[in-house]
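Report on one structure; see the data block that follows.
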Amino acid sequence: MSDLAQGFAEALRLLGRGDPELWSIVLRTLAISGAATLLAMVAGVPLGYALARGRFHGKTFLLALVNTGMGMPPVVVGLVVWLLLTRSGPFGGLDLIYTRRAMVLAQFLIATPLVIGFTAASVQALPPQLPDLLTSLGANRLRTLWILSREAKLGLLAAVMAGFGAIVSEVGASMTVGGNLRGSTRVLTTAIVTETSRGNLPVALALGLVLLLLAFLVNLVLTALQQRRAG
Amino acid sequence: MKRVVPALAASLLWLHAPLPAAAQQPGDIVLATTTSTQDSGLLDSILPVFLEHSGIRVKVIAVGTGAALEMARRGDADAVLVHAPASERKYVASGDLVEGRLVMHNDFLLVGPKADPAGIRGLTDPAQALARIARSSPFISRGDASGTEKKELELWKLAGVDPKTVAHREETGQGMGATLLVAEQRQAYTLTDRATFLALGDRLTLVPLVEGAPSLLNIYHAYVVSPTKHPAVRLREARAFVAFMVAPSTQRLIGAFGRARFGQPLFYPDAGKAEADLGRPGTSGERSGAGLR
Chain A
1 MSDLAQGFAE
11 ALRLLGRGDP
21 ELWSIVLRTL
31 AISGAATLLA
41 MVAGVPLGYA
51 LARGRFHGKT
61 FLLALVNTGM
71 GMPPVVVGLV
81 VWLLLTRSGP
91 FGGLDLIYTR
101 RAMVLAQFLI
111 ATPLVIGFTA
121 ASVQALPPQL
131 PDLLTSLGAN
141 RLRTLWILSR
151 EAKLGLLAAV
161 MAGFGAIVSE
171 VGASMTVGGN
181 LRGSTRVLTT
191 AIVTETSRGN
201 LPVALALGLV
211 LLLLAFLVNL
221 VLTALQQRRA
231 G
Chain B
232 MKRVVPALAA
242 SLLWLHAPLP
252 AAAQQPGDIV
262 LATTTSTQDS
272 GLLDSILPVF
282 LEHSGIRVKV
292 IAVGTGAALE
302 MARRGDADAV
312 LVHAPASERK
322 YVASGDLVEG
332 RLVMHNDFLL
342 VGPKADPAGI
352 RGLTDPAQAL
362 ARIARSSPFI
372 SRGDASGTEK
382 KELELWKLAG
392 VDPKTVAHRE
402 ETGQGMGATL
412 LVAEQRQAYT
422 LTDRATFLAL
432 GDRLTLVPLV
442 EGAPSLLNIY
452 HAYVVSPTKH
462 PAVRLREARA
472 FVAFMVAPST
482 QRLIGAFGRA
492 RFGQPLFYPD
502 AGKAEADLGR
512 PGTSGERSGA
522 GLR
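Residue numbers (our numbering), protein chains in the order written: chain A, 1 to 231; chain B, 232 to 524.
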């Protein structure tokens, strides 16, 4: 119990004092996972749309593949990205291993199937005649996609939240490809692992609370957007 | 969405901003090392000094010694700082590690519950102690191919016991800090380096039961990863790092590290000494600090 109480006290103290290392870790966490989520949306929304609307052979197979990807263990993604980017790997020359960009790449790969899956599900929930109707009213493809996105807003924002939530709380891939370097690739989750193995349990717990708070604030903004009446 | 996107885009730009130190001429290097040098806080305390002197940023990848050596073999690191001399020799023989220097040592401790159900307290031979533990007491192993596990396996061998046959031996597959916490919860015996044990401080009720034997020495060497086998290695920077680790001023920092907090040093600087002389009375002050807890 005393550790838990100490953890809360430590969290308040770190936040109240504006600990510069804590803030840099928080901002870094937000930037890396935010960038990965943004990229996952850019790639995942059109793919999810195509998957939901397309009529082609192997659609069920692809959807099953995406649904499997939604539960892909992050640590495996991390290992594969590590093997690709490490110096002796095929893309070692890019010198990306143990950088924030490598972390964005790994988190992007984890989030994208989630975004595709949620997008496909929310687009499939729309009335099936809607795209044809829009086309007959003279909307081009981009315009159609835009209007459908607005109609599917609830689902798309759920996709953002699911993607962001998965990667901001993920530790395996971030540790493997980022290396948990202090001041450069250490994010909240990997810092929690470090502090735990150092026996600094109150600090570890405090970081956990900060992570929770961060996730809550991001979700609060997204949920507010989601619940706002379309206008 | 309209407001979120610019914020995310701005964060993307920030990701690409170069780090202050990386903007300077010398390149960053990757140091593959053990969890103990990181978890004890030693590297956090001396690497800023190195950065200031050389402008070289060291990316510390703290893994088990086995994984650190493997990174060297693949050419994924520029330098290593490890503590498993027997394994290191294989990588020196294969030509993956060059220019090795003895940096420092501390020692391993056999720790366990105060009540000491296996009755090993005061034994001088750790192998004999393990043989007693094997009979009926729980033992927690790292199980992660670290230098500490390699040492543990060496000791089982000396004890003439196959660890796979020990009923109450469990492997965590985690670092030293996490493994000690598991041993604490189970009130089990484990082998630990002194630095991590001291760093966990009052988290633990486990006590050192066997210490001070020559076979418990924990010796750290630094190496440059061979640039002839691995052309991508940043030789100049890696050499500068190894030279820094054995420089007199750094050695003084190593010797002083942790004294204020623990009342004894966590590492004993050894640059220029012969490995065979370590741990003998008179070659370092370690015996005076032993058994403090």
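Each residue gets a CB set at the ideal place from its N, CA and C atoms; glycine is no exception.
Fill in: B/Thr459 versus A/Trp82: straight-line alpha-carbon distance, rounded
If you draw a straight line from the Cα of B/Thr459 to the Cα of A/Trp82, it comes to about 24 Å.
Item to complete: My understanding is that B/Phe493 touches B/Thr421, with C-beta atoms under 8 Å, so please give their C-beta distance in whole angstroms.
Response: Not confirmed; about 19 Å, so no contact.
Practice prompt. List the residues of chain A whose Cβ lies closer than 9 Å to the Cβ of B/Leu431, in chain order.
Written response: Arg198 and Gly199
Worksheet item: Under 8 Å between the Cβ atoms of B/Ala310 and B/Val456?
Response: yes
Discussion item. So that I know if they touch, is there some Cβ in chain A lying closer than 8 Å to that of B/Gly295?
Written reply: no
Worksheet item: Name the chain B residues whose beta carbon is nearer than 9 Å to that of A/Tyr49?
Response: Within 9 Å Cβ-Cβ: nothing; A/Tyr49 doesn't reach chain B, min ~16 Å.
Worksheet item: Per DSSP, which one or two residues make a beta bridge with B/Val313?
Response: B/His452
Discussion item. Excluding the 5 residues flanking B/Leu497 on each side, which residues of the same chain have their C-beta closer than 8 Å to its C-beta?
Written reply: Ser271, Leu273, Asn337, Arg425, Ala426, Leu429, Ala430, Phe488 and Gly489
Practice prompt. Given a cut-off of 8 Å, decide if B/Phe472 and B/Ile287 are closer than it, judged by their beta-carbon atoms.
Written response: Yes, these two residues count as a Cβ contact at 8 Å.
Worksheet item: Under the rule that 16 or more other beta-carbon atoms within 10 Å means buried, what is B/Asp501, buried or exposed?
Response: buried
Discussion item. Is the beta carbon of A/Thr86 closer than 8 Å to that of A/Gly92?
Written reply: A Cβ-Cβ contact shorter than 8 Å links A/Gly92 with A/Thr86.
Practice prompt. Buried or exposed for A/Arg186, please, with buried defined as at least 16 other CB atoms from any protein chain shown within 10 angstroms of its CB.
Written response: Buried: at least 16 other Cβ atoms inside 10 Å.
Item to complete: Count the other C-beta atoms from every protein chain shown that fall within 10 angstroms of the C-beta of A/Pro127, then say buried if there are 16 or more, exposed otherwise.
Response: So A/Pro127 counts as exposed.
Discussion item. Please confirm whether B/Ala254 has its beta-carbon closer than 8 Å to some beta-carbon of chain A.
Written reply: The predicted model places B/Ala254 with a pLDDT of 39, which falls under 50 and marks its position as unreliable; any figure quoted below should be read in that light. Closer than 8 Å: no.
Worksheet item: With a cut-off of 8 Å, does the C-beta of B/Val261 fall near any C-beta of chain A?
Response: yes
Practice prompt. Could you give the DSSP three-state label for B/Lys290: helix, strand or coil?
Written response: Annotated three-state conformation of B/Lys290 is strand, per DSSP.
Worksheet item: Is the beta carbon of B/Gly306 sitting closer than 8 Å to the one on B/His461?
Response: yes
Fill in: chain B residues whose Cβ lies nearer than 9 Å to that of A/Leu209
What A/Leu209 touches in chain B: nothing, since even the nearest Cβ is about 20 Å away.
Worksheet item: Given 8 Å as the limit, is there contact between the stretch 8 to 21 of chain A and the stretch 200 to 212 of chain A, that is, 3 or more CB pairs closer than that?
Response: yes
Worksheet item: Applying a beta-carbon distance threshold of less than 8 Å, which residues of chain B neighbour A/Thr86?
Response: Arg305 and Asp307
Fill in: B/Asp222 - partner residues in DSSP beta bridges
Summary: the structure shown does not reach residue 222 of chain B, with chain B confined to residues 232 through 524, and so no result is reported for it.
Item to complete: Quick one: using the 10 Å Cβ neighbour count with 16 as the cut-off for buried, is B/Asp259 buried or exposed?
Response: buried
Item to complete: Quick one: residues in its chain with C-beta nearer than 8 Å to the C-beta of A/Glu10, no 5 flanking neighbours on either side, listed in chain order?
Response: Pro202, Val203, Leu205 and Ala206
Discussion item. Considering only heavy atoms of the ligand ATP, does any lie closer than 7 Å to the CB of B/Ser372?
Written reply: Ligands displayed in this structure: none; no statement on the ligand ATP is therefore possible.
Worksheet entry | Option in A/Val171, A/Leu65, A/Leu225 and A/Thr135 with minimal Cα separation from A/Ala106 | A/Val171
Worksheet entry | Enclosing beta strand (DSSP E) for B/Ala263 [first to last residue] | Start and end: Ile260 to Thr264.
Practice prompt. Give the DSSP-derived three-state secondary structure of B/Tyr499 in the structure shown.
Written response: strand
Practice prompt. Kindly list, in the order they appear in chain C, the residues whose Cβ is closer than 7 Å to that of A/Gly54.
Written response: The structure shown has no chain C; the protein chains it does contain are A and B.
Worksheet item: Residues of chain A with a CB under 8 Å from the CB of B/Arg434: which are they?
Response: Contacts between B/Arg434 and chain A, judged by CB atoms closer than 8 Å, involve Gly199 and Leu201 in chain order.
Fill in: is_contact[A/Leu181, chain B] using C-beta, thresh 8 Å
yes
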